[in-house]
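Participant:
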Amino acid sequence: MSSDDAPVPPGDGPTGGPPGGAAGIVVTGVRRVFGDVVAVDDISLVARPGEVTALIGPNGAGKTTLMLMLATLLVPDRGAITIDGIDPVTDPRAVRRRIGWMPDGFGTWDALTVREVLHTIGAAYDLPAAEARARTEEVLAQVHLGDLADRRARVLSRGQKQRLGMARALLHRPTTLILDEPASGLDPRSRIELRDLLRSLAAAGTTVLVSSHILTELQEMADRAVIVAGGRTIETQAVDGAPRALRTWRIAAQDRTRLVEALDAAAVVWRAAGTTVDVDLAGDDEAAELLAGLAGSGARVTAYAPVHGAMEAAYLAATEERR
Amino acid sequence: MSRKRLWTVARLELVQRVRTSRWPVVLGAWVVVIGLVTFAAWWAVRTTDVASGPSLYDVTTFFVLMLGMLIVPSLTATTVNGDREHGVLATMQTTLVTSWELVLGKLLASWLVAMCFLATALPFLAWAWAAGGIGFGRILLSLLVLTVVLAVVAAVGLMFSSLTARPVASAVLTYLSLATLVVGTLIAFLLAAVIMTEEVTVTVRGVPDSYWSAEVTPPLDEPQPGLPSEGFIPQPTEDDCTTFTRRQSVAHTERLWPLLALNPFVVVADAAPSRTSESSTFGGGFTPMRWISDGSRDARHGAGDLDAVVDECGDVIARTEAESEDTQRQRDVADRERRDENAVWPWGLGFLVALGVGSVLVAERRVRTPVRRLPSGTRIA
Chain C
1 MSSDDAPVPP GDGPTGGPPG GAAGIVVTGV RRVFGDVVAV DDISLVARPG
51 EVTALIGPNG AGKTTLMLML ATLLVPDRGA ITIDGIDPVT DPRAVRRRIG
101 WMPDGFGTWD ALTVREVLHT IGAAYDLPAA EARARTEEVL AQVHLGDLAD
151 RRARVLSRGQ KQRLGMARAL LHRPTTLILD EPASGLDPRS RIELRDLLRS
201 LAAAGTTVLV SSHILTELQE MADRAVIVAG GRTIETQAVD GAPRALRTWR
251 IAAQDRTRLV EALDAAAVVW RAAGTTVDVD LAGDDEAAEL LAGLAGSGAR
301 VTAYAPVHGA MEAAYLAATE ERR
Chain X
324 MSRKRLWTVA RLELVQRVRT SRWPVVLGAW VVVIGLVTFA AWWAVRTTDV
374 ASGPSLYDVT TFFVLMLGML IVPSLTATTV NGDREHGVLA TMQTTLVTSW
424 ELVLGKLLAS WLVAMCFLAT ALPFLAWAWA AGGIGFGRIL LSLLVLTVVL
474 AVVAAVGLMF SSLTARPVAS AVLTYLSLAT LVVGTLIAFL LAAVIMTEEV
524 TVTVRGVPDS YWSAEVTPPL DEPQPGLPSE GFIPQPTEDD CTTFTRRQSV
574 AHTERLWPLL ALNPFVVVAD AAPSRTSESS TFGGGFTPMR WISDGSRDAR
624 HGAGDLDAVV DECGDVIART EAESEDTQRQ RDVADRERRD ENAVWPWGLG
674 FLVALGVGSV LVAERRVRTP VRRLPSGTRI A
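Protein chains in written order, with my numbering: chain C, 1 to 323; chain X, 324 to 704.
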């Protein structure tokens, strides 16, 4: 029996520190090829403990492949990965203790009940039976699946299965969460609950890496965004830095002529968009200054809002040239 | 290796099987079919003067093996790729469960199910034992071999389920492999035996063919008591035997017997064949296991020493009944000793065990993560 088989605390918990090296997820120049297809070309990112890091990118950008490498399922062809300082290739079992992975489209054993699925996972993580039972009830409450605990997993809706997948990822108290499209299939209330759950876990010190196509939600949830496209890292930015990004604002006014005159006077380039006008502004400060100017112009502004959310704008700008 | 995690995987498999398939129905049908077959075998031999126990036992054991080879692959041949298709294999692979625990747990579950089927056949084997003519040791040995063979069958299914992406493909490949072992080896043996048959010259001591045509006694003019009224050929005596050569066909089965040893039915039959009071192969009634055993052991012995003189004299010369019986007894004892020295089942069992171990090794390699090279057409999750 190797030392890995010795009973260990079921996950070190969010407060468990790395055995050596950097805490959280560090990906450096990773590449992975399947035959002729380059799924991941050159991705680098850092996801820190206590933060929610969003991994965003178009379909086929390499997000899921990267997450499979982080989940100790695939070996990168090139580059390096560490999770809490541990290389998932050389010591996958140590990494597995620390990570909670939720794949896109969580599959489950149809014949088992929700509770049995989690008991089985607990046993697979060496949790003592009593602790597995207790933890099961805790995570069922966290993901609001308590009422469905004795239902067969096969009768769950897609959203309920996603919540079960989340419960499975949390069961052994991982220090790092790797979540592939966790909000997919969730109803609005469940999405809000997921957002709050991830924020609370991050606040407790967990490293959270989450991929999603729903950028508005990521903006509310994430501290940092890593934009990938074509298998490469395009941009990494703090989400609170997004308001400084260039984005399009849409303005509606009762007097459109005066609005256009005011924009010309302020030397702002504008585009007609139906009865409204679009302008490109470099950040929220510039938008606030323009709004103050328009207020005194007599244009009688009725609507003034960005066309895209800050993260959407950053994403669109970053991926525009790759289209 | 952790026993707890191993059992977690096995238990998961068992629960899945019991809840998702019509398992009780299959088990019930199994019991009914085996019961009918055993009853039919008993009915067929009940009025004959041969011991019915060995007949019942042989028929039931073979039937259990045949049905086992049909049912067990359905348990394992879809277990890995089926899990992958349902997206649950990767879920387990990212826990502390190792690839060995995953593979052995699945194998254990399938083997336990096979043992359940075997256990339900035990009452019928007990019936055969009660009918007499079978030793308890024989039952134990053949059950042990049967148990190992079914585990090997499960391992082969497991291997193919790890090698192919589609459950249908692995099920077909598993059944094809088993058909190759059961039918293919037999066909290959027969074809090869024909191909490897050669004409050889053997030295024979016996009554030459010319004796039977040239020594016809002409009819006697007057009938004499004790002699036929028409012509006859007198029974040859020792003095009529000569040494001569003859061309005859010889199949070199001693070079081909390993083909038979690969056959699971031969392995099970040869491990504990019937031993009735009759010493000749076909003298003990309907005992297919004995027929197969003697046939395969004779095949292993082959043509024997072709340079030795073949003594046929004793078969044709005049003897008393007591002398003939004594000669036959000596010949049967010699045959039995020869067959005892040419057991086939240890080699066959060795091969099957190696096949099973190899299958498990392949399966373990295929579920090991992290994966460096992903076979084309397969997804990791």
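Just so you know, even glycine gets a beta-carbon here, dropped at the ideal spot from N, CA and C.
(1) Counting pairs of Cβ atoms below 8 Å between the region 376-384 of chain X and the region 80-99 of chain C, do you hit three or more?
(2) If you pair each beta-carbon of the region 227-240 of chain C with each one of the region 250-259 of chain C, do three or more pairs fall below 8 Å?
(3) With 8 Å as the threshold, decide whether the Cβ of Thr418/X is near any Cβ in chain C.
(4) So with CB distances below 8 Å, who are the chain C contacts of Arg327/X?
(5) So what's Trp423/X in DSSP terms, helix, strand or just coil?
(6) Hey, does Pro103/C have any beta-carbon neighbour from chain X nearer than 8 Å?
(7) Applying the criterion that 16 or more other CB atoms from any shown protein chain within 10 Å of the CB defines a buried residue, is Trp366/X buried or exposed?
(8) In chain order, what are the residue ranges of uninterrupted alpha helix (DSSP H) at least 4 long that sit wholly in the region 373-444 of chain X?
(9) Taking the alpha carbon of Cys636/X as the reference point, which residue from Asp562/X, Leu583/X and Arg691/X has its own alpha carbon closest?
(10) Consult DSSP for Ala47/C and reduce its assignment to one of helix, strand or coil.
(11) Spell out whether any CB of chain C is found under 8 Å from the CB atom of Thr343/X.
(12) Going by the beta-carbon positions, is the gap between Val210/C and Lys63/C smaller than 8 Å?
(13) Run through chain C and tell me which residues come within less than 7 Å of Ser699/X, C-beta to C-beta.
(14) For Arg695/X, return the contacting residues in chain C, with the cut-off set at a CB-CB distance below 7 Å.
(15) Run through DSSP, which three-state label would Ile227/C get?
(16) How would you label Thr560/X, buried or exposed, when you count the other beta carbons within 10 angstroms and need 16 or more for buried?
(17) Verify the CB distance criterion: does Thr692/X have a CB-CB separation below 8 Å to chain C?
(18) What does the alpha-carbon distance come out to for the pair Ala39/C and Arg702/X?
(19) Can you name the start and end residues of the beta strand (DSSP E) that Ile234/C belongs to?
(20) Is the separation between the beta-carbon of Thr53/C and that of Val226/C shorter than 8 Å?
(21) Can you confirm whether Val89/C, when its beta carbon is compared against all beta carbons of chain X, has any partner nearer than 8 Å?
(22) Please confirm if Thr207/C has its CB atom under 8 Å from at least one CB of chain X.
(23) Any idea if Ile510/X is buried or exposed, counting beta-carbon neighbours within 10 angstroms, 16 or more meaning buried?
(24) Just verifying my parser: in three-state terms, what is the DSSP assignment at Pro306/C?
(25) Are Leu337/X and Thr443/X closer than 8 Å when you measure CB to CB?
(26) If you measure from the beta carbon of Pro188/C to each beta carbon in chain X, is any gap under 8 Å?
(27) Note down, in chain order, all residues in the region 403-437 of chain X with a beta-carbon under 7 Å from any beta-carbon belonging to chain C.
(28) By Cβ distance, which residues of its chain are closer than 7 Å to Arg461/X, with the 5 residues on each side in sequence left out?
(29) Would you tell me roughly how many angstroms separate the C-alpha atoms of Glu138/C and Met67/C, rounded to the nearest one?
(30) Please list, in chain order, the chain D residues whose beta carbon lies closer than 7 Å to that of Leu112/C.
(31) Three or more C-beta pairs closer than 8 Å, one from the region 290-307 of chain C and one from the region 254-266 of chain C: is that the case here?
(32) Using alpha carbons as the reference points, say which of Glu51/C, Gly24/C, Ala23/C and Ala292/C lies closest to Ala202/C.
(33) Classify Ser325/X: buried if its beta carbon has 16 or more other beta carbons within 10 angstroms, exposed otherwise.
(34) Give me whichever residues DSSP pairs with Trp249/C in a beta bridge.
(35) Grab the span of the beta strand (DSSP E) containing Gly293/X for me, first residue to last.
(36) Is Gly107/C close to chain X? Criterion is C-beta to C-beta, closer than 8 Å.
Facilitator: Short version:
(1) no
(2) no
(3) Taking the second sequence and counting its residues from 1, one reaches residue 418/X at position 95. For Thr418/X, the answer is yes, since a Cβ of chain C falls inside 8 Å of its Cβ.
(4) Residue mapping note: residue 327/X aligns to position 4 of the second sequence, counting from 1. Looking at the sequence shown, residue 327/X is not Arg but Lys. By Cβ distance, chain C contributes Ala123 and Asp126.
(5) Locating residue 423/X in the second sequence gives position 100, counting from the first residue. Of the three classes helix, strand and coil, the one that applies to Trp423/X here is helix, per DSSP.
(6) In the first sequence, counting from the first residue as 1, residue 103/C sits at position 103. At least one chain X Cβ lies under 8 Å of Pro103/C.
(7) Counted from its first residue, the second sequence places residue 366/X at position 43. With fewer than 16 Cβ atoms within 10 Å of its Cβ, Trp366/X is classed as exposed.
(8) 375-399, 402-408 and 412-416
(9) Working through the second sequence from its first residue, we reach residue 636/X at position 313. If we check each option's Cα against that of Cys636/X, Asp562/X comes out closest.
(10) Residue mapping note: residue 47/C aligns to position 47 of the first sequence, counting from 1. Reduced to three states, the DSSP call for Ala47/C is strand.
(11) Within the second sequence, numbered from 1, the residue matching residue 343/X stands at position 20. Output row for Thr343/X: interface = yes.
(12) In the first sequence, residue 210/C corresponds to position 210, counting from 1. In the first sequence, residue 63/C corresponds to position 63, counting from 1. It is not a contact, given that the beta carbons lie outside the stated cut-off.
(13) Translated into positions along the second sequence, residue 699/X becomes position 376. Those within 7 Å of Ser699/X in chain C are Gly35.
(14) As a working note, residue 695/X is residue 372 in the second sequence. Per Cβ cutoff of 7 Å: Val75.
(15) The sequence position of residue 227/C within the first sequence is 227, counting from 1. In this structure, Ile227/C counts as strand in the three-state DSSP scheme.
(16) Position 237 of the second sequence, counted from the start, is the residue given in the question as residue 560/X. Classification for Thr560/X: exposed.
(17) Here the question's residue 692/X lines up with position 369 in the second sequence. Output row for Thr692/X: interface = yes.
(18) By one-based count along the first sequence, residue 39/C stands at place 39. By one-based count along the second sequence, residue 702/X stands at place 379. Roughly 13 Å between the two C-alpha positions.
(19) In the first sequence, counting from the first residue as 1, residue 234/C sits at position 234. Looking at the DSSP string, the run of the beta strand (DSSP E) that includes Ile234/C is Arg232 to Ala238.
(20) Start at 1 with the first residue of the first sequence, and residue 53/C comes out as number 53. Start at 1 with the first residue of the first sequence, and residue 226/C comes out as number 226. Going by C-beta atoms, Thr53/C is nearer than 8 Å to Val226/C.
(21) Translated into positions along the first sequence, residue 89/C becomes position 89. For Val89/C, the answer is yes, since a Cβ of chain X falls inside 8 Å of its Cβ.
(22) Taking the first residue of the first sequence as 1, we reach residue 207/C at position 207. Closer than 8 Å: no.
(23) As a first step, residue 510/X must be located in the second sequence, where it is residue number 187. Result: exposed.
(24) In the first sequence, the residue the question calls residue 306/C occupies position 306. Correct three-state label for Pro306/C: strand.
(25) By one-based count along the second sequence, residue 337/X stands at place 14. By one-based count along the second sequence, residue 443/X stands at place 120. No. Outside cutoff.
(26) On the first sequence, residue 188/C is found 188 positions in, with the first residue counted as 1. Chain X, which has no Cβ nearer than 8 Å to the Cβ of Pro188/C, makes this no.
(27) His409, Gly410, Val411, Ala413, Thr414, Met415, Gln416, Thr417, Thr418, Leu419 and Val420
(28) Reading the second sequence from its first residue, position 138 is the one you call residue 461/X. Answer for Arg461/X: Ala595, listed in chain order.
(29) Position 138 of the first sequence holds residue 138/C. Position 67 of the first sequence holds residue 67/C. Between Glu138/C and Met67/C, the C-alpha separation is close to 26 Å.
(30) In the structure shown, chain D cannot be found, because the protein chains are C and X.
(31) yes
(32) Here residue 202/C refers to the residue found at position 202 when the first sequence is read from its first residue. Checked all of Glu51/C, Gly24/C, Ala23/C and Ala292/C; the closest Cα to Ala202/C is Glu51/C.
(33) Translated into positions along the second sequence, residue 325/X becomes position 2. Per the 10 Å Cβ criterion, buried.
(34) Start at 1 with the first residue of the first sequence, and residue 249/C comes out as number 249. In the DSSP output, where bridge partners are listed per residue, Trp249/C has Val279/C and Pro306/C.
(35) Residue 293/X lies beyond the residue range present for chain X, which begins at 324 and ends at 704; the question has no answer from this structure.
(36) Translated into the one-based positions of the first sequence, residue 107/C becomes position 107. At least one chain X Cβ lies under 8 Å of Gly107/C.
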